[in-house]
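I have placed the structure first, in the form of C-alpha cells, so that the comments after it can refer back to it.
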Amino acid sequence: MLIWDRVKNMDDLRAFIESKAFQYSIIALIIINAITIGLETSATIRESAGLWLTEIDKYILVIFTLEISVKIVAYRQKFFANTWNIFDFLIVAIALIPAAGPLHILRTLRVLRTARLIKNVPKLRLIIESLLKSIPSIGWIGVLLFMIFYIFAVIGTDLYQDQFPEYFGDMGKTFFTLFQVMTLESWSSGIARPMMQEVSYSYLFFIPFILLATYTTLNVFIAIVVNTMNEINRAEMKEEEERVKDFVHQEHEQMLDYLSSIERKITQLEKKIDQKN
50 MLIWDRVKNM
60 DDLRAFIESK
70 AFQYSIIALI
80 IINAITIGLE
90 TSATIRESAG
100 LWLTEIDKYI
110 LVIFTLEISV
120 KIVAYRQKFF
130 ANTWNIFDFL
140 IVAIALIPAA
150 GPLHILRTLR
160 VLRTARLIKN
170 VPKLRLIIES
180 LLKSIPSIGW
190 IGVLLFMIFY
200 IFAVIGTDLY
210 QDQFPEYFGD
220 MGKTFFTLFQ
230 VMTLESWSSG
240 IARPMMQEVS
250 YSYLFFIPFI
260 LLATYTTLNV
270 FIAIVVNTMN
280 EINRAEMKEE
290 EERVKDFVHQ
300 EHEQMLDYLS
310 SIERKITQLE
320 KKIDQKN
C-alpha cells in the first residue's frame with residue numbers, strides 16, 4: 050500500500066511539474082531574472098536599487114534550484130536522459146558556485162539563465178532543434194560558400210591587386226573585403242563606387258558575388274532550416290497521433306474488461322436467481 054501511495058504521489062508531482070501553471074510561472078521568473086540581470090549592468094540603477102536586485106536574484110535562484118531538485122525527485126534517472134534537462138541543471142549549478150576570485154566570471158554567466166526560455170517555450174525549442182538537426186546540411190552550405198569566396202578572391206586579387214591594394218592586396222585582404230560585401234555593410238559607398246570611379250566595369254565583379262554569396266546561399270540556408278522544422282513538426286504530430294491511439298486503445302481495453310466483469314456478475318446473479326427458484 051505504501052509503494053502504491055508513493056507511486057501515486059510521484060504521478061501527482063509529475064503532473065504538477067508538467068502543468069501549464071507551473072511552466073508559465075517558471076517562464077515568468079526567467080524573464081524577471083533576465084530583466085534584473087540587465088538592470089544590474091547600469092551603475093546608476095546599482096546605486097539606487099542594487100541591494101533589491103541582488104535579493105531578487107537570490108530568491109529566484111533558490112526557486113530554480115528547488116525546481117531542478119523537484120524534477121530530479123520526480124523523474125529520477127529519466128531526468129538526465131533529456132538533453133534540455135542537463136542544460137537546465139548545468140546553468141543552475143554554475144549559478145550556485147561562489148563567484149569570488151578567479152571565478153568572478155561566473156557572475157557574468159548568470160545571463161545564461163535567460164537561455165532556459167528555449168527549453169520552456171516549445172516554439173523556441175523547435176527552432177533550436179531544427180538548427181541543430183540542420184548542421185550537416187549547413188556544413189555543406191559552408192563548403193559551397195567557401196568555394197564561392199575562394200573563386201572570387203582569386204579573381205579579385207588578380208584583377209585589382211595593383212589598383213586597390215587596401216582591398217585586394219593579398220588573399221587575406223580580399224577575403225575580408227568579400228566578407229564585408231557579403232554582409233552588405235557599406236559595400237556600395239565604401240568599396241564598389243570608389244572602385245567604379247577608376248574601373249567602371251568593376252560592378253560586374255560585385256553583383257554576381259552578392260547574388261551567389263548573399264541571396265542564393267541565404268535562401269538555401271533558410272530553406273534547409275524550414276524543411277527541417279517541417280520534418281520535426283510532422284514527427285511530433287505522428288508521435289502525438291500514436292499517443293492518442295495508444296490512449297484510445299487502452300481506454301477501449303479497459304471498457305471491454307469492465308463490460309466483461311459486468312457480464313460475469315450478471316451471469317452469476319442469474320444463476321443465483323435460478324437456484325433460488
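Here the working numbering is used: position 19 in the sequence shown is 68, and no number is missing along the way.
Heads up, the beta-carbon is just placed ideally off N, CA and C, and yes, glycines get one too.
Provide the residue span of the alpha helix (DSSP H) that contains PRO374, from first to last. Outside the displayed span of the chain (50 to 326) sits residue 374, for which this structure offers no information.
Beta-carbon within less than 7 Å of ILE414's beta-carbon, same chain only, minus the 5 sequence neighbours each way: which residues are those? As shown, the chain starts at 50 and ends at 326. That puts residue 414 outside it, with no answer to give.
Let me check understanding here. Comparing Cα to Cα, which of ALA241, GLY191, ASN58, LEU139 lies closest to TYR124? Answer by Cα proximity: ASN58.
Could you give the first and the last residue of the continuous alpha helix (DSSP H) run that contains LYS107? Per DSSP, LYS107 belongs to the alpha helix (DSSP H) from 92-124.
When you compare the segment 207-222 with the segment 177-196, are there three or more beta-carbon pairs, one atom per stretch, that lie closer than 8 Å? No, the segment 207-222 is not in contact with the segment 177-196.
Counting only the same chain and skipping the five closest in sequence on each side, list residues whose C-beta sits under 6 Å from that of GLU300. If we look at GLU300 and ignore the five residues flanking it on each side, it has no Cβ neighbours.
Taking its Cβ as the centre, do 16 or more other Cβ atoms sit within 10 Å of LEU115, making it buried, or is it exposed? Exposed, because fewer than 16 other Cβ atoms sit within 10 Å of the Cβ of LEU115.
Am I right that LEU173 and LEU166 are in contact with their C-beta atoms under 8 Å? What's the rounded C-beta distance? LEU173 to LEU166, Cβ: 6 Å. Contact.
Local Cβ density within 10 Å of TRP236, reported as buried at 16 or more and exposed below that: Looking at its Cβ environment, which holds 16 or more other Cβ atoms inside 10 Å, TRP236 is buried.
What's the call for MET50, buried or exposed, on a 16-neighbour Cβ count within 10 Å? Its pLDDT being 44, under 50, MET50 is placed unreliably by the model, and nothing is read from it.
Pop quiz: ILE121 and LEU78 are said to be a contact at Cβ under 8 Å. What is the actual Cβ separation, rounded to whole angstroms? Not a contact, Cβ separation roughly 18 Å.
Go through its chain and collect everything with a Cβ distance to LYS127's Cβ below 7 Å, but skip five positions before and after it. No residues qualify anywhere along the chain.
I believe LEU194 touches ALA262 by the beta-carbon criterion, under 8 Å. Please report the beta-carbon distance rounded to the nearest angstrom. With a contact defined as Cβ atoms closer than 8 Å, LEU194 and ALA262 qualify at about 6 Å.
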